Amino acid sequence: MGCPVADEGDGLSAAGGAAIMAASQTAHYPGSMHNKPAVPMRPPRLLPWLASLSLLLLAGCGSAPVKQAGPPPSHRSWPQVAPANPAAANNVLMRALGLVGTPYRYGGNTPETGFDCSGLVAYVYRDVLDLRLPRSSGELAAVQGPKIAQDRLAAGDLVFFGTRGNVSHVGIYVGEGRFVHAPSTGGTVRLDYLDGYYWRDHYTGAKRVLP
Numbered sequence: 660m661g662c663p664v665a666d667e668g669d670g671l672s673a674a675g676g677a678a679i680m681a682a683s684q685t686a687h688y689p690g691s692m693h694n695k696p697a698v699p700m701r702p703p704r705l706l707p708w709l710a711s712l713s714l715l716l717l718a719g720c721g722s723a724p725v726k727q728a729g730p731p732p733s734h735r736s737w738p739q740v741a742p743a744n745p746a747a748a749n750n751v752l753m754r755a756l757g758l759v760g761t762p763y764r765y766g767g768n769t770p771e772t773g774f775d776c777s778g779l780v781a782y783v784y785r786d787v788l789d790l791r792l793p794r795s796s797g798e799l800a801a802v803q804g805p806k807i808a809q810d811r812l813a814a815g816d817l818v819f820f821g822t823r824g825n826v827s828h829v830g831i832y833v834g835e836g837r838f839v840h841a842p843s844t845g846g847t848v849r850l851d852y853l854d855g856y857y858w859r860d861h862y863t864g865a866k867r868v869l870p
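Numbering (the working numbering) for the sequence shown: 660 to 870.
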């Protein structure tokens with residue numbers, strides 16, 4: 660199935676960008692007890708349709724008392740790597756970003772039921788490209804396709820997270836160090852930084868599945 664809550668730690672519709680842009684998204688870091696202030700982020704240069712969006716990132720835990728966090732990590736400059744199939748990459752990202760705000764549900768794989776991490780990935784690629792992908796994060800990590808170094812990530816690549824080499828979470832890379840994913844119970848589909856507090860320490864690799 661998807662991503663069990665115990666295994667996971669620690670926007671934006673192209674069509675509804677204005678409404679989503681106005682809402683603050685809370686980045687969920689399982690096991691974290693911190694909130695950090697909203698951080699203005701410059702729009703990705705990779706995709707023209709994202710250039711007008713102003714993205715906000717908040718980090719915290721939705722199920723426990725909140726403590727004030729220290730300053731957010733400094734985000735490094737990420738190489739701009741053009742996808743081999745820009746049209747397919749744009750379609751994947753538009754669909755994925757359009758699902759931001761959809762509630763998390765373990766085992767969910769449609770907008771109506773909600774999504775877990777692998778359910779989101781499988782739905783987006785099937786809906787946009789009719790590409791049938793495995794239904795668990797571990798199986799997605801093992802799917803045939805080139806492994807991608809972090810400094811060669813391109814839009815549409817799958818990014819994986821876990822502990823001690825065991826993959827337990829997956830998202831869709833969108834460019835400039837950011838990815839779309841369904842985090843865990845109590846959260847929603849959202850956009851986060853790869854070098855965020857939780858994700859940088861649990862990153863296990865990436866794979867390219869775009870045709």
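Even for Gly, the Cβ is constructed at its ideal location relative to N, Cα and C. Here the structure is a predicted model, which means the values were calculated and not measured.
Those residues which DSSP pairs with residue i across a bridge
i           : result
residue 851 : 838
residue 830 : 818
residue 825 : 822
Straight-line gap, residue i to residue j (C-alpha atoms, nearest Å)
i           : j           : result
residue 817 : residue 832 : 6 Å
residue 837 : residue 804 : 21 Å
residue 772 : residue 794 : 15 Å
residue 870 : residue 746 : 11 Å
residue 748 : residue 840 : 16 Å
residue 796 : residue 778 : 9 Å
residue 808 : residue 835 : 14 Å
residue 863 : residue 767 : 24 Å
residue 852 : residue 830 : 11 Å
residue 843 : residue 850 : 13 Å
residue 847 : residue 763 : 5 Å
residue 806 : residue 845 : 31 Å
residue 798 : residue 759 : 24 Å
residue 856 : residue 820 : 13 Å
residue 780 : residue 757 : 13 Å
Residue i burial status per 10 Å Cβ neighbour count (16 or more: buried)
i           : result
residue 811 : exposed
residue 736 : exposed
residue 769 : exposed
residue 738 : exposed
residue 825 : exposed
residue 822 : exposed
residue 651 : Summary: the structure shown does not reach residue 651, with the chain confined to residues 660 through 870, and so no result is reported for it.
residue 932 : The structure shown does not extend to residue 932, since the chain is modelled only from 660 through 870, so no value can be given for it.
residue 755 : buried
residue 791 : exposed
residue 743 : exposed
residue 741 : exposed
residue 860 : exposed
residue 789 : exposed
Residue i, enclosing beta strand (DSSP E) - first and last residue
i           : result
residue 865 : 862–866
residue 821 : 817–822
Proximity test, residue i beta-carbon vs the ligand COA heavy atom, cut-off 6 Å
i           : result
residue 807 : Ligands displayed in this structure: none; no statement on the ligand COA is therefore possible.
Span of the alpha helix (DSSP H), counted from its first residue to its last, around residue i
i           : result
residue 814 : First-last for residue 814: undefined, no H or E at that position.
residue 799 : 796–801
Neighbour flag for residue i against chain B, beta carbons, 7 Å
i           : result
residue 852 : No chain B appears in this structure, which consists of one protein chain only.
Within the stretch 752–793, ranges of the alpha helix (DSSP H) (whole runs, at least 4 residues): 776–788
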